[in-house]
Amino acid sequence: MIHPTAIIDPTAHIAEGVTIGPYTVVGAHVRIESGTRVGSHVAINGPVHIGRDNRIFQFASIGEEPQDLSYKGEATRLEIGDRNTIREYVSFNRGTPKGGGLTKIGSDNLFMAYCHIGHDSAVGNKNVFANSASLAGHVTVGDQCILGGFTLVHQFTSIGSHAFTSMGAAINRDVPPFVIVSGNYARSYGINKVGLKRKGFSAECIAAILKAYKVLVRQRTSQAEAEALLAPLASEFDAVAQFMEFVRTSNRGIVK
6 MIHPTAIIDP
16 TAHIAEGVTI
26 GPYTVVGAHV
36 RIESGTRVGS
46 HVAINGPVHI
56 GRDNRIFQFA
66 SIGEEPQDLS
76 YKGEATRLEI
86 GDRNTIREYV
96 SFNRGTPKGG
106 GLTKIGSDNL
116 FMAYCHIGHD
126 SAVGNKNVFA
136 NSASLAGHVT
146 VGDQCILGGF
156 TLVHQFTSIG
166 SHAFTSMGAA
176 INRDVPPFVI
186 VSGNYARSYG
196 INKVGLKRKG
206 FSAECIAAIL
216 KAYKVLVRQR
226 TSQAEAEALL
236 APLASEFDAV
246 AQFMEFVRTS
256 NRGIVK
């Protein structure tokens, strides 16, 4: 199941059931688990661990050195979970020593063509990155987010779970969970009501999230006042507590 034109480093561990296409190069210290299918002309440079049942399309670059001038060839890592779809010309870079040495991708994500995940970033599960959505270094993305095509995310920025970014959004501040953002630079335009309904959130929970959005993002209240107003909802709905914790711990400030 490995094409004879593929080049596999002797230190690579390729599990049974892995498919590797023509002219693909698998470098040193790469581990690929069972069921993963790698297309033609893919470059994979370790140290990299790729989980089970991923699909990597032609011309992707997986685990290349980070694009960081401070990087001096250290053995940093990239970890990829299970069942991800990684389309044409996607690039994932390894971490840097100053960023913890690890870039980490979760499971069940879709990365459309030309997406880029920069060094030391962490992506959760069940996210959709539309074409050319790109993360700079040290970016964190939660679970079940949708990043519109050509979304650009500034380094050291966080995007909370269930957030939605429009086409061409330029994000230089943290995006709270459940929030829709758009523009250059991005601004918030409400919560992702349709997406939340599709994902099984109750009408009561969505209403509580909307209340939290109005208090935490739209109203000019202090953090203490906002937390006092939302405390009853936070005790009833985990999503509201998650929203409040994200805003409380934001390092860059949130998109307004």
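Using our numbering, read the sequence shown as starting at 6 and increasing by one per residue.
All C-beta atoms in this analysis are idealised placements derived from N, C-alpha and C, irrespective of residue type, glycine included.
What is the C-beta distance between residue i and residue j, in whole angstroms, given that I count them as a contact (C-beta under 8 angstroms)?
i           : j           : result
residue 138 : residue 156 : 4 angstroms
residue 40  : residue 51  : The pair is not a contact, with the Cβ atoms about 19 angstroms apart (cut-off 8 angstroms).
residue 251 : residue 181 : 5 angstroms
When we look at the beta-carbon of residue i and count the other beta-carbons within 10 Å, is it buried (16 or more) or exposed?
i           : result
residue 179 : buried
residue 73  : buried
residue 16  : exposed
residue 249 : buried
residue 9   : exposed
residue 99  : buried
Opposite residue i in the DSSP bridges: which residues?
i           : result
residue 178 : Answer is none; residue 178 lacks a bridge partner.
residue 107 : 82
Over what stretch of residues does the alpha helix (DSSP H) that includes residue i continue unbroken?
i           : result
residue 200 : 198-203
residue 216 : 208-218
residue 64  : Taken as a continuous stretch (DSSP letters only), residue 64 belongs to no alpha helix (DSSP H), as it is neither H nor E.
residue 97  : It is not in any alpha helix (DSSP H) - residue 97 instead sits in the beta strand (DSSP E) that spans 96-98.
Flag this pair as yes or no: are the beta carbons of residue i and residue j separated by less than 8 angstroms?
i           : j           : result
residue 166 : residue 129 : yes
residue 57  : residue 14  : no
residue 104 : residue 125 : yes
residue 262 : residue 175 : The first residue shown for the chain is 6 and the last is 261, placing residue 262 beyond what the model contains.
residue 287 : residue 43  : Outside the modelled stretch of the chain, which goes from 6 to 261, sits residue 287, for which no answer is possible.
residue 253 : residue 224 : no
residue 20  : residue 47  : no
residue 234 : residue 245 : no
residue 62  : residue 91  : yes
residue 107 : residue 134 : no
residue 123 : residue 95  : no
Cβ of residue i less than 8 angstroms from any chain C Cβ?
i          : result
residue 11 : Among the protein chains of the structure shown there is no chain C, as only one such chain exists.
Return the first residue and the last residue of the beta strand (DSSP E) that residue i is part of.
i          : result
residue 36 : 35-37
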